[in-house]
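Taking mature numbering (1 follows the signal peptide of the UniProt record, and there is no 0), I'd label the letters of the sequence shown as residues -28 to -1, 1 to 186.
Here a beta-carbon is modelled for each residue, glycine too, at the ideal position from N, C-alpha and C.
Here the structure is laid out as structure tokens; the discussion comes afterwards.
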Amino acid sequence: MTTIFTRRAAIATGAASGLMLSGLPLWAQDATTGEAEATGPDTRAYVMGDADAPVHVIEYASLTCSHCARFHTDVLPQLREDYIETGKVKLEFREVYFDRLGLWGGMLARCGGGMRYFGIVGLLLERQADWTRVSSGEEAIAAMRRIGLEAGLTDAQMDECLQDSALAEALVAKYQEHTEEYPITGTPSFVIDGELNSNMSYSDLSAKLDAALG
């Protein structure tokens, strides 16, 4: 399990790695602890499933976390079939930023709006090695952009998202807010009806969901 960074450490990592890449400000240049304005950047945590589902699960995940990628490829399909698509569970996805790559991925995922968010997140996790096992930020961005094009984004859309320093700042602030709500020590972590749980097998997760459903 990966230990979570503090917000200050995450911002310091981004700053040490360079703020600009091919003209794009890919890390918040003056990140603050302030809240995003209601009409400002999209920092919402997207939800999969029926809004009225009786059990609310919050997943804390990093797009650069290998355990999170494994959950989304090996466990999530069964979870969707058994609980989400049947209206029993709604899954709220909260992004955790260990590093600048994870933040860039979160920014890219929002380029297509709510209809494409989970599709892009899924592609980023399935192809995680393509954009995380690289030798430079330039290579990472190039690989991310290929994934974005595959998901139906245009170059103009991706340019706009990745140039949005206000979005970067707001996402880091929202990440800090979320990790203060629950004491996350690693990813993926799951909050099931208010109870925090670390990563677990599908059988253990299913048992907890069944108990919550009564």
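- The beta carbon of A142 sits closer than 7 Å to the beta carbons of A8, G12, P13 and T15 from its chain, once the five residues preceding and following it are set aside; these are given in chain order.
- By the criterion of a C-beta distance shorter than 7 Å, E122 is surrounded in its chain by L95, once the five residues flanking it on both sides are discounted.
- Measuring C-alpha to C-alpha distances from A33 to each of G166, R52, S173 and T157 identifies T157 as the nearest.
- Judged by DSSP in its simplified three-state form, L125 adopts coil rather than helix or strand.
- Per DSSP, reduced to three states, the secondary structure at Y147 is helical.
- Take T36, set aside five residues on each side of it, and the residues of its chain with a beta-carbon closer than 8 Å to its own are F70, D71, L73, G74, G77, Q100 and T104, in chain order.
- Checking the DSSP bridge columns, you'll see R66 partnered with Y32.
- For the pair H28 and D102, the Cα-to-Cα distance works out to about 32 Å.
- Taking one beta carbon from each stretch, the region 16 to 25 and the region 130 to 142 have fewer than 3 pairs nearer than 8 Å; the two do not touch.
- Taking the CA atoms as reference points, M130 sits about 44 Å from G186.
- Rounded to the nearest angstrom, the gap between the Cα atoms of L168 and S107 is 35 Å.
- By the neighbour-count definition (other C-beta atoms within 10 Å, threshold 16), E67 is a buried residue.
- Distance from the Cα of A184 is smallest, within the candidate group E110, V163 and S173, for V163.
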